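Trainee: My questions will all concern the structure given below.
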Amino acid sequence: MRLGIIPPIVNRNPRFSPPEWELDAEIDDLASVIQAAEGLGYEFCCFPNHVAIPAEGEDRRGAIYWDPAATMGYIAARTNSIRLATYCIVLGYYHPLQIAKTYGTLDRISAGRLILGVGVGSLEPEFRLLGRPFDDRGARGDDALRALHAALGTRVPSYHGEFYDFDGFVIDPHAVQKHVPIWVGGRTARSLRRALELGDGWAPFGLTLDKLTPIIDAQREGIGARGAGFDLVLAPEPPLDPVGRPEEATEVAMNYTAAGATKLNLRFHHNSLNHYVEQLEAMASCATEALGSEGSNAGRG
Numbered sequence: 013m014r015l016g017i018i019p020p021i022v023n024r025n026p027r028f029s030p031p032e033w034e035l036d037a038e039i040d041d042l043a044s045v046i047q048a049a050e051g052l053g054y055e056f057c058c059f060p061n062h063v064a065i066p067a068e069g070e071d072r073r074g075a076i077y078w079d080p081a082a083t084m085g086y087i088a089a090r091t092n093s094i095r096l097a098t099y100c101i102v103l104g105y106y107h108p109l110q111i112a113k114t115y116g117t118l119d120r121i122s123a124g125r126l127i128l129g130v131g132v133g134s135l136e137p138e139f140r141l142l143g144r145p146f147d148d149r150g151a152r153g154d155d156a157l158r159a160l161h162a163a164l165g166t167r168v169p170s171y172h173g174e175f176y177d178f179d180g181f182v183i184d185p186h187a188v189q190k191h192v193p194i195w196v197g198g199r200t201a202r203s204l205r206r207a208l209e210l211g212d213g214w215a216p217f218g219l220t221l222d223k224l225t226p227i228i229d230a231q232r233e234g235i236g237a238r239g240a241g242f243d244l245v246l247a248p249e250p251p252l253d254p255v256g257r258p259e260e261a262t263e264v265a266m267n268y269t270a271a272g273a274t275k276l277n278l279r280f281h282h283n284s285l286n287h288y289v290e291q292l293e294a295m296a297s298c299a300t301e302a303l304g305s306e307g308s309n310a311g312r313g
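The opening residue of the sequence shown carries number 13 in this note's numbering; numbering runs sequentially from there.
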C-alpha cells in the first residue's frame, strides 16, 4: 500500500467544506505541504484539471482548479522524489501530442516522476466551450489513450487510429520514463474496464467504498490477470481526520486495503497549513498501524 494526497489549495470542492485559509494561500504554501508529504514518505500528489467551470454550477462543483502543468512544474523544482500525478486530464480537451509534449517536458524536468491521470470527462458545457465533441468522447478517449502509449517517451512518434493520426513530427523534449504510468479516472464500471484495457491503474473519484466495492468485485478476474503492474488508486470519502479520529483513519486504511486498493489518494480535514501537516504525520502513523511496517511507505521517508 502506498499513500498519496490530493493537496489543498489547488482545488476547492464545496462537498468537502474547504477552509478559508486556502483562499489566501500561495504557491509557497502548496510547496510546503508537498515537501512535508515527501519527507514523510508519501509517494505521490495529485492535481486536477478543468479549464473553465460554468458559473451556475460553481456551488456544486467548485471553480478553483489550478492549471496542473504550471503548478506541477513549480512543485517539481521544489521536490526531489514525490511523484506528480494529473487527476485527471480530460482527454477530449487536448490532442494527444499536446499532452505528450507538455507532460513529457514535465517528466523530463522532474527526472521521471510523472504519473498521467486521464479521463474522458463529463462536463458537457466545458466541451462545448472549447469546441470539442462530446457525444463520442468515450471512443475518442480510447483512441487518445492508444495514441499516448505510442507517443510518450518517443521523439518521432507514429500512430494511425480512428480519431488521431500522426507520423513524421518531432516531440522534443519528451518523457524520459520508458513507460509513463497512466491512471484512468472515472466514476463508472466502464472507466475501470477502460483502465484494465488501456491503462496502468484505475483512479476513481466521488465514490464511497460501498459504491466502489461492487464495481471492483465485478472485475476481480481482470484485475488479477493484470497482476502487480495494475494499481487501484482509491480516494476515501469523506476526508479523513487522523489527528482527531486516528482509530477511524486506521480502519479506513484497512477497509480500503481489503477492497483491493494498492494506493490511497487522500484528502484531510484541516483548518490551517500547520494542521494539514499534522494530519499528514498522523496518517503516516495510522497507515503503519493498519498495514504494518511493510504495508505503507509513508512514515519512512
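Just so it is clear, CB atoms sit at the ideal spot from N, CA and C, and this is done for glycine as well.
From a predicted model like this one, the values you see are computed outputs, not experimental measurements.
Pull up the CB-CB distance for residue 203 and residue 216, whole angstroms please, since I reckon it's below 8 Å.
Mentor: Here residue 203 refers to the residue found at position 191 when the sequence shown is read from its first residue. Here residue 216 refers to the residue found at position 204 when the sequence shown is read from its first residue. Sure, about 7 Å apart at Cβ, within 8 Å.
Trainee: What are the boundary residues of the alpha helix (DSSP H) that residue 319 is part of?
Mentor: In the structure as shown, the chain starts at 13 and stops at 313, and residue 319 therefore has no counterpart that could be examined.
Trainee: Just to confirm before moving on: does the CB-CB distance between residue 59 and residue 102 stay below 7 Å?
Mentor: For the purposes of this step, residue 59 is taken as residue 47 along the sequence shown, with counting starting at 1. For the purposes of this step, residue 102 is taken as residue 90 along the sequence shown, with counting starting at 1. Contact: no.
Trainee: Using only the alpha-carbon positions, how far apart do residue 261 and residue 67 sit?
Mentor: Taking the first residue of the sequence shown as position 1, residue 261 is located at position 249. Taking the first residue of the sequence shown as position 1, residue 67 is located at position 55. Distance between the alpha carbons of residue 261 and residue 67: 35 Å.
Trainee: DSSP state of residue 113, grouped into three classes?
Mentor: By 1-based counting over the sequence shown, the position of residue 113 is 101. DSSP places residue 113 in helix when its eight states are reduced to three.
Trainee: Given residue 7, which residues of its chain have a CB within under 7 Å of its CB, disregarding the five upstream and five downstream residues?
Mentor: Lying before the first or after the last residue shown, residue 7 is absent from the chain, which here runs from 13 to 313.
Trainee: Would a C-beta distance cut-off of 7 Å place residue 175 and residue 155 closer than the cut-off?
Mentor: The count along the sequence shown starts at 1 and reaches residue 175 at position 163. The count along the sequence shown starts at 1 and reaches residue 155 at position 143. Yes, the pair counts as a contact, with Cβ atoms nearer than the cut-off.
Trainee: If we ignore side chains and look at the alpha-carbon of each, how far apart do residue 167 and residue 242 end up?
Mentor: Counting from 1 along the sequence shown, the entry for residue 167 is found at position 155. Counting from 1 along the sequence shown, the entry for residue 242 is found at position 230. Going from the Cα of residue 167 to the Cα of residue 242 covers about 26 Å.
Trainee: Let me know if residue 306 comes out buried or exposed under the rule of 16 or more other beta-carbons within 10 Å of its beta-carbon.
Mentor: As a position in the sequence shown, residue 306 is number 294, starting the count at 1. Annotation note: pLDDT 49 at residue 306 (below 50); position unreliable, no value reported.
Trainee: Here's a check: name, in chain order, each residue in its chain whose Cβ is nearer than 7 Å to the Cβ of residue 163, leaving out the five neighbours to either side.
Mentor: Working through the sequence shown from its first residue, we reach residue 163 at position 151. So the list reads 108, 109, 112, 169, 171 and 183, once near-sequence residues are dropped.
Trainee: Express the C-alpha separation of residue 28 and residue 7 in angstroms, rounding to a whole number.
Mentor: Since the first residue of the chain shown is 13 and the last is 313, residue 7 is not available in this structure.
Trainee: Which full runs of the beta strand (DSSP E) of 3+ residues lie inside the region 252-294, going along the chain?
Mentor: Qualifying beta strand (DSSP E) stretches, in chain order: 275-278.
Trainee: My output table needs one value for residue 225: the three-state DSSP class, helix, strand or coil.
Mentor: The sequence position of residue 225 within the sequence shown is 213, counting from 1. Residue state, collapsed to three classes: helix.
Trainee: Could you name the residues of the same chain whose beta carbon sits closer than 7 Å to that of residue 313, not counting the 5 residues immediately before and after it, in chain order?
Mentor: Translated into the one-based positions of the sequence shown, residue 313 becomes position 301. Its pLDDT being 41, under 50, residue 313 is placed unreliably in this model, and the value from its coordinates should be taken loosely. So the list reads 50, 51, 52 and 53, once near-sequence residues are dropped.
Trainee: Closest to residue 266 by CA distance: which of 71, 62 and 295 is it?
Mentor: For the purposes of this step, residue 266 is taken as the residue at position 254 of the sequence shown. Out of 71, 62 and 295, 295 has the C-alpha closest to the C-alpha of residue 266.
Trainee: State the DSSP-derived secondary structure class of residue 148, mapped to helix, strand or coil.
Mentor: Sequence index remark: in the sequence shown, residue 148 carries index 136 (1-based). Note: residue 148 maps to coil in three-state DSSP.
Trainee: Using the C-alpha atoms, what's the distance from residue 275 back to residue 257?
Mentor: For this step, residue 257 is matched to residue 245 along the sequence shown. For this step, residue 275 is matched to residue 263 along the sequence shown. Distance between the alpha carbons of residue 257 and residue 275 is about 21 Å.
Trainee: I need the DSSP call for residue 186, collapsed to helix, strand or coil.
Mentor: By one-based count along the sequence shown, residue 186 stands at place 174. Coil, per DSSP.
Trainee: Assuming contact is defined by CB atoms lying nearer than 7 Å, are residue 196 and residue 187 in contact in what I supplied?
Mentor: If you number the sequence shown from 1, residue 196 lands on position 184. If you number the sequence shown from 1, residue 187 lands on position 175. It is not a contact, given that the beta carbons lie outside the stated cut-off.
Trainee: What would DSSP say about residue 33, mapped onto helix, strand or coil?
Mentor: On the sequence shown, position 21 is the one that residue 33 refers to. Correct three-state label for residue 33: helix.
Trainee: Kindly indicate which residue of 228, 78 and 130 has the alpha-carbon position closest to the one of residue 100.
Mentor: Locating residue 100 in the sequence shown gives position 88, counting from the first residue. Out of 228, 78 and 130, 130 has the C-alpha closest to the C-alpha of residue 100.
Trainee: Pull up the distance between the alpha-carbon of residue 70 and that of residue 160, whole angstroms please.
Mentor: Within the sequence shown, residue 70 is the residue found at index 58, counting from 1. Within the sequence shown, residue 160 is the residue found at index 148, counting from 1. Distance between the alpha carbons of residue 70 and residue 160: 32 Å.
Trainee: Closer than 7 Å by C-beta to residue 76: which residues in its own chain qualify, once you throw out the five before and the five after it? Chain order, please.
Mentor: Here the question's residue 76 lines up with position 64 in the sequence shown. Excluding positions up to five away in sequence, the list reads 23 and 24.
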